[in-house]
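> Per my numbering, residue 5 is the first one in the sequence shown, and the count goes up by one each step.
Backbone N, C-alpha and C define an ideal beta-carbon position, used for all residues, glycine too.
Quick one: the structure is below, questions incoming.
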Amino acid sequence: MKLKTFEQKHNYEFVFVFENGECKQANIEELVAKYLKPDELNTATINNEWDAWSSKTVRWI
């Protein structure tokens with residue numbers, strides 16, 4: 005799945021829209037903690053080319 009856009013709803017809850025039109029909501033707090041330190045959050049970005057948008061990586065709401 006290739007990410008098209010995303011919107012932050014509240015804190016770590018985001019809505020993700022994919023190129024195939026699929027829309028999913030997830031709390032990515034656990035995912036962020038695996039890859040970032042708290043002091044890196046100000047400069048973090050979401051890479052829409054990242055091939056990890058699966059149920060194994062992100063728990064969809």
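For GLU23, which residues of its own chain have a beta-carbon under 6 Å away from its beta-carbon, when the five flanking residues on both sides are left out?
In the sequence shown, residue 23 corresponds to position 19, counting from 1. So the list reads LYS6, LYS8, once near-sequence residues are dropped.
> Over what stretch of residues does the alpha helix (DSSP H) that includes GLU33 continue unbroken?
As a position in the sequence shown, residue 33 is number 29, starting the count at 1. 33-39 is the span of the alpha helix (DSSP H), which, as asked, contains GLU33.
> Looking at the structure shown, is GLU17 part of a helix, part of a strand, or coil, going by DSSP?
The residue you call residue 17 lines up with position 13 of the sequence shown. DSSP places GLU17 in strand when its eight states are reduced to three.
> Give me whichever residues DSSP pairs with THR9 in a beta bridge.
Position 5 of the sequence shown, counted from the first residue, corresponds to residue 9. THR9 pairs with VAL21.
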